[in-house]
Amino acid sequence: MKKLTYLLLLLFIAFPLLSQKRAFTLDDIYRVKSVGAPVVSSKGDVLLYNYTDYSFNPSNSGTRLNAINLQTGEDTVVAGALQPWVNPVFAPDGESYFFVWKRYKKQSVNRFNLKTGKVTLLFEFAMGVNNLIVSPDGKKLAFTAKVYDECRADDECNEVTFRKTYQGTISAHLADKLFVRHWDEYEDDLWSHIFVYNLETKKLTDVTPSKYHSPVFSLGGAGYFTFSGDSKAVIFASNREKDIASTTNSDLWMVDLDGENLKNLTKQNKAWDGQPAVSPDGKWLAYRMQVIPGYESDRFRIALYEFATGKITVISEAFDNWVDDIKWAPDSKHIYFIGEVASYMPLFRINIETRKIEEILPKRTLGGFDISGDGKKIYYNYRLNHLPAEIYSFDLTTNTETQLTFHNKELTDEVDFRPVEHHYIEGANSKKMEVLIVKPHGFDSAKKYPVVINIHGGPQSQWADAYRGDNQLYAGYGYILVMPNPHGSTGYGQDYTAAISGDWTGKVVQDIHHVADYIESLPYVDTARIGAMGWSFGGYMVNWLQAKTTRFKCFASMMGIYNLTSFYGSTEELWFPEWDLKGTPWTSDLYRTQSPSEYVKDFRTPTLIVTGTIDFRVSYTQSLEYFTALQKMGIDSRLVILEDASHWPQHLTRMPLYYNAHLEWFHKYLGGDPAPYDTKKMWRNNF
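In my numbering, the protein residues as written are 10 to 696.
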């Protein structure tokens, strides 16, 4: 009887403790530590990774380099945030590692000896050091930097030319062809080149001298160039077509380390080829490829190039989703890859001979991974909606997963990080559609809650079961957050992804209405308080809904497309609208019939608009046009223009205002909890 009483007492104590987790707040977004992808030594004894601390005050934020002793599990800070060491790569012998260190005005490459702890400065480069890699023989390093082609590896020439261009009396941009600008930068005759540093001779060589980006522009950056197996050449992705703004034809090229004997390895494919990876035995080049020219959202496949014969074989046709990241197993017989599958990004393994595909780590959203030298363990970071990213290991012999880092444990013990519920409903054409739902803190099924439907961008992308500040924020302030994956989303087969091209206002719009119908049928939803928001294409979608329905109480449109004709003239990667809208504004009527700007007389719904001044993907002028129309129609609206913000605004200096503006707007129209700050005071930095 005493034991029973004791157990009941423990339960009585435990349940209040569980319920004492508080709601997630805007400030908590900046308490979550961002844990980067792991890098493991060939010996399997040390793992390196970067992680970043954030704060509302940027001076209190910074990136650290940590090392984990894989024998003891000890996790040690190697370098602090004031002078961060980033982009660590191990030497092949596992005795040392190289890293990039930003000191003073230049970035330097350094070597850390694991036995002695000694740091050796190797070289500095004024134009920056990006995507550092090491050759298989351990005698060379390679990296990328944007330089002037007439200067190449001449550091002083680059530095002087750059300073005169951007700090001289005349300040201007000049272009004779497209691109004029890309993502968040003007081209300005600066070209991405690959540089090789010889550790023995200490000579730095530009191995891709040209007026072409080599490697090709990528938001991911790393992974678009590599050394050959014999360390005598570099293989890289580059688009060398005449009209690079209208073609996706990136090829894989190989060039000797002196810049001679340039060879196109994939010239027969007029679609995209990229992310080269040489097998450990040096016989194969694996890479990702597409087969439809001009279509950036074609399915990414794994292809093999045989060095001995030049033969190319696609080995992943059985996988009907996108392949995102690839790495060779040490045996040169298998390739590991991350794939996008139904709101997750799990890890797979493919046998290059049998082409058998195995799912190794299901139901996870991986960020990056590495493989031990003996091929027995996988190291990776992954996240779920209620779990910020941490680093884990998976033992392939015992099928055992072990968590290695715990940077966010204290926060997740204190704060209620809400999980995702996976719902499946019928969408357009009776297709099954996945809808992710996050219920608010303290959810009570007997109550009625306001709803925010968040429509993803792309449009060829997906909402994943993965931690995002937005997902926790709205749930923390009393909203049900709904994230649908409608037609056009990735992870549900390529046909589903391709269905949106040329049909921006058809099946996907039907899908959103099916979602709204389903949400309204739930007993805990207040049907009079449902709003919709979206970023990029998602912003376009709410702009279109503005013209076609009054069922939503309010909208929030971020970096959204409004006028399709002016969007075409101000965006940079023209292949995207030319494929998805089936031509140019003077050859395709879709620019008129599917443009929200053509239906201003039907606008009715209050709207928050957010944009950034250096968003060159969807120019801020799109939002300015939209705001002007709303104001002239007498519709309550607010425009937030984030200075020096790109399509992905800076986390520390721009996004706090973004988040608060949304909470304030939704509180005004949907009645969730009040925003923590006054947006106008925040705008003036009085908070």
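Note that CB positions come from ideal geometry on N, CA and C, so glycine has one too.
Candidates the options: closest to residue i by CA position
{"i": "E349", "options": "E368, K336, K342, S341", "result": "E368"}
{"i": "N278", "options": "V517, W293, K127, R310", "result": "R310"}
{"i": "I38", "options": "V424, E607, D598, N75", "result": "V424"}
{"i": "I623", "options": "T602, S227, Y608, I650", "result": "I650"}
{"i": "P97", "options": "M136, L150, T81", "result": "L150"}
{"i": "Q698", "options": "K591, E587, T580, L617", "result": "Outside the shown range of the chain (10 to 696) lies residue 698, about which nothing can therefore be said."}
{"i": "T214", "options": "D198, E269, L261", "result": "E269"}
{"i": "I644", "options": "F612, S632, A135, W192", "result": "F612"}
{"i": "D334", "options": "L187, P371, T322, D379", "result": "D379"}
{"i": "D62", "options": "S50, N75, W262", "result": "N75"}
{"i": "K690", "options": "P665, K365, K677, T514", "result": "P665"}
{"i": "K562", "options": "L679, F107, I203, H523", "result": "L679"}
{"i": "Q284", "options": "A312, N273, G291", "result": "A312"}
{"i": "R392", "options": "K386, K292, Y401", "result": "Y401"}
{"i": "D252", "options": "P605, D185, A473", "result": "D185"}
{"i": "V225", "options": "F236, L208, T217, A246", "result": "A246"}
Rounded straight-line distance, which links the Cα of residue j to that of residue i
{"i": "D422", "j": "D84", "result": "20 Å"}
{"i": "A455", "j": "Y483", "result": "20 Å"}
{"i": "T506", "j": "M642", "result": "36 Å"}
{"i": "G511", "j": "L672", "result": "34 Å"}
{"i": "N248", "j": "T275", "result": "11 Å"}
{"i": "I324", "j": "V300", "result": "13 Å"}
{"i": "Y314", "j": "L271", "result": "17 Å"}
{"i": "E419", "j": "T580", "result": "43 Å"}
{"i": "P428", "j": "P459", "result": "18 Å"}
{"i": "D479", "j": "N69", "result": "22 Å"}
{"i": "A475", "j": "G451", "result": "21 Å"}
{"i": "K111", "j": "G377", "result": "24 Å"}
{"i": "V264", "j": "I244", "result": "7 Å"}
{"i": "T630", "j": "S575", "result": "9 Å"}
{"i": "M136", "j": "W200", "result": "11 Å"}
{"i": "V609", "j": "F564", "result": "15 Å"}
{"i": "T174", "j": "H182", "result": "9 Å"}
{"i": "E430", "j": "F585", "result": "33 Å"}
Coarse secondary structure for residue i, derived from DSSP in three states
{"i": "S117", "result": "strand"}
{"i": "G466", "result": "coil"}
{"i": "H676", "result": "helix"}
{"i": "R172", "result": "helix"}
{"i": "M691", "result": "helix"}
{"i": "T637", "result": "helix"}
{"i": "A684", "result": "coil"}
{"i": "Y600", "result": "helix"}
{"i": "S144", "result": "coil"}
{"i": "Q29", "result": "coil"}
{"i": "I644", "result": "coil"}
{"i": "E196", "result": "coil"}
{"i": "G500", "result": "coil"}
{"i": "N610", "result": "Before going on, a small fix: residue 610 reads as Lys here, not Asn. Here K610 sits in helix by DSSP."}
{"i": "V461", "result": "strand"}
{"i": "D163", "result": "coil"}
{"i": "L490", "result": "strand"}
{"i": "S43", "result": "strand"}
{"i": "K155", "result": "strand"}
Exposure label - residue i; buried when at least 16 CB within 10 Å
{"i": "L639", "result": "buried"}
{"i": "R2", "result": "No answer is possible for residue 2: it lies beyond the span of the chain, which begins at 10 and ends at 696."}
{"i": "W7", "result": "With the chain represented from 10 up to 696, any question about residue 7 goes unanswered, as that position is not in the structure."}
{"i": "G497", "result": "buried"}
{"i": "T559", "result": "exposed"}
{"i": "F415", "result": "exposed"}
{"i": "S530", "result": "exposed"}
{"i": "P47", "result": "buried"}
{"i": "Q603", "result": "buried"}
{"i": "S711", "result": "Outside the displayed range of the chain (10 to 696) lies residue 711, so it cannot be described from this structure."}
{"i": "L228", "result": "exposed"}
{"i": "V86", "result": "exposed"}
{"i": "M10", "result": "Its pLDDT being 44, under 50, M10 is placed unreliably by the model, and the measurement read from it follows with that caveat. So M10 ends up on the exposed side."}
{"i": "Q469", "result": "buried"}
{"i": "E165", "result": "exposed"}
Contact with chain D by residue i, beta-carbon distance below 8 Å
{"i": "V619", "result": "The structure shown contains no chain D; it holds only a single protein chain."}
Residue ranges of each beta strand (DSSP E) within the region 539-588, 3 or longer
564-567
Please give me, in chain order, every unbroken run of the beta strand (DSSP E) with length at least 3 that falls completely inside the region 263-323.
282-287, 293-298, 310-315, 321-323
Which ranges does the alpha helix (DSSP H) cover as unbroken runs of at least 4 residues, wholly within the region 60-130, from first to last along the chain?
none
Ignoring anything shorter than 3 residues, give me the beta strand (DSSP E) runs that lie fully in the region 227-257, in order along the chain.
234-236, 242-247
Could I get the ranges of all uninterrupted alpha helix (DSSP H) runs contained in the region 382-433, with 4 residues as the minimum, in chain order?
418-423
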